[in-house]
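Worksheet: the structure to be examined is printed underneath.
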């Protein structure tokens with residue numbers, strides 16, 4: 328009389344009897360079936376931001392006495408030496424650039440991975 | 007650097023990153039589809055439909071995954087629930103596409119005759135024993151994880167695995183070494 332297959336052999340045969348199933352477009356079908364994220368259109372977001380910025384500018388203009396502060400500021404800046412204006416412009420550029428880099432890292436997963444690398 | 011399942015899940019939740027979810031699907035599609043093919047007695051079309059439904063549910067409910075168990079355990083549980091709901095609707099599972107099933111097997115690893123007998127023997131097991139065998143012996147889940155997937159007591163899983171194994175061994179006795 329023959330013996331029985333042992334547990335280990337049976338488990339191995341069971342695992343090997345089910346090979347890896349190729350994707351064959353399965354993932355693409357799943358992704359196509361995902362519900363779209365409920366999000367307002369981009370143009371609407373842009374318009375809202377633009378409108379708020381315009382409103383903010385208008386309020387600031389009125390509060391500054393019809394642009395008196397701006398006018399005086401420009402007159403004062405005209406008296407500054409040219410090197411100071413260049414330093415000021417450079418500093419503004421650095422601040423804006425830093426914000427742009429931070430925003431780009433937050434929005435781009437691939438860049439975010441690079442920041443996690445340890446050497 | 008390969009991202010872990012937890013990293014990918016975090017991205018889906020934080021940024022609604024569908025690429026990250028696609029990577030999760032690619033990683034787990036084979037095991038989920040394999041499990042469902044076994045449960046549906048190799049009805050490939052039905053199994054793939056259920057696998058697709060499984061991943062859609064995963065996407066919708068990812069926020070409720072607390073990370074206490076492995077992601078694959080949670081995934082199998084959803085897949086098993088999809089299968090159970092469908093089986094309840096159908097009452098009887100039908101349709102064994104034997105030819106397609108055979109074509110997908112790798113001819114180099116297991117003796118084709120043994121594979122055929124093994125898969126046939128597996129398909130003849132009662133559903134509760136077949137499911138326990140597929141989860142624990144084929145997909146490598148612990149008895150505890152399988153109990154969580156199937157929402158049954160640990161002792162019942164152990165009993166089902168033991169009984170299923172014994173039946174398979176009896177059916178495959180002819181393949182045992184002399």
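Protein chains in written order, with the numbering used here: chain A, 328 to 446; chain B, 7 to 184.
Ideal Cβ positions, reconstructed from N, Cα and C, are used throughout, including at glycine.
Subject >> Where residue 430 of chain A falls, given that 16 or more other Cβ within 10 Å makes a residue buried >> reply: exposed
* Count the other CB atoms, across all protein chains shown, that sit within 10 Å of the CB of residue 404 of chain A; report buried if there are 16 or more and exposed otherwise. => exposed
message = Please list the terminal residues of the continuous alpha helix (DSSP H) segment that includes residue 431 of chain A.
response = 409-434
Buried or exposed: residue 166 of chain B, going by 16 or more other Cβ atoms within 10 Å of its Cβ? buried
**Report entry** Cβ pair count under 8 Å reaching 3, the region 7-15 of chain B against the region 24-44 of chain B
**Finding:** yes
Practice problem: Can you grab the Cα-Cα spacing for the pair residue 385 of chain A / residue 393 of chain A, in whole Å? | Solution: 10 Å
In this structure, how does DSSP classify residue 345 of chain A when only helix, strand and coil are distinguished? coil
| Contact under 9 Å by Cβ, residue 56 of chain B with residue 133 of chain B | no
>> Contact defined as beta carbons within less than 8 Å: I believe residue 124 of chain B pairs with residue 344 of chain A. What is the distance between those atoms, to the nearest angstrom?
In response: 5 Å
- prompt: Alpha carbon to alpha carbon, what distance is there between residue 135 of chain B and residue 127 of chain B?
  reply: 12 Å
- Message: Measuring straight from C-alpha to C-alpha, what distance separates residue 413 of chain A and residue 376 of chain A?
- Response: 30 Å
(message) Assuming residue 144 of chain B and residue 342 of chain A are in contact, meaning their beta carbons sit under 8 Å apart, how far apart are those beta carbons, in whole angstroms?
(response) 6 Å
- Item | residue 131 of chain B to residue 140 of chain B span [Cα, whole Å] | 11 Å
Margin query: Taking CB distances under 9 Å as the criterion, tell me whether residue 348 of chain A reaches chain B.
Written below: yes
* Asked: Any beta-carbon of chain A closer than 9 Å to the one on residue 86 of chain B?
  -> no
Within 10 Å of its beta-carbon, does residue 66 of chain B have 16 or more other beta-carbons around it, so buried, or fewer, so exposed? exposed
| said: In whole angstroms, give me the CA-to-CA distance for residue 150 of chain B and residue 26 of chain B. | reply: 29 Å
Put residue 331 of chain A into one of helix, strand or coil per three-state DSSP.
-> coil
_Could you tell me the alpha carbon to alpha carbon distance between residue 348 of chain A and residue 39 of chain B, rounded to whole angstroms?_
8 Å
- Hey, quick one: how far does the alpha helix (DSSP H) through residue 354 of chain A stretch, first residue to last? 353-360
inquiry  = Please report whether the beta-carbon of residue 446 of chain A lies at a distance below 9 Å from any beta-carbon of chain B.
reply    = Because residue 446 of chain A sits at a pLDDT of 46, beneath the cut-off of 50, its placement in the model cannot be relied upon, and the following sentence gives the value as read from the coordinates. With 9 Å as the cut-off, residue 446 of chain A does not count as an interface residue toward chain B.
Checklist line | the region 50-71 of chain B: positions lying closer than 8 Å to chain A by Cβ | finding: 54, 57, 58, 61, 62, 65 and 66
- Message: Between residue 431 of chain A and chain B, is the shortest Cβ-Cβ distance under 9 Å, so that the two count as touching?
- Response: no
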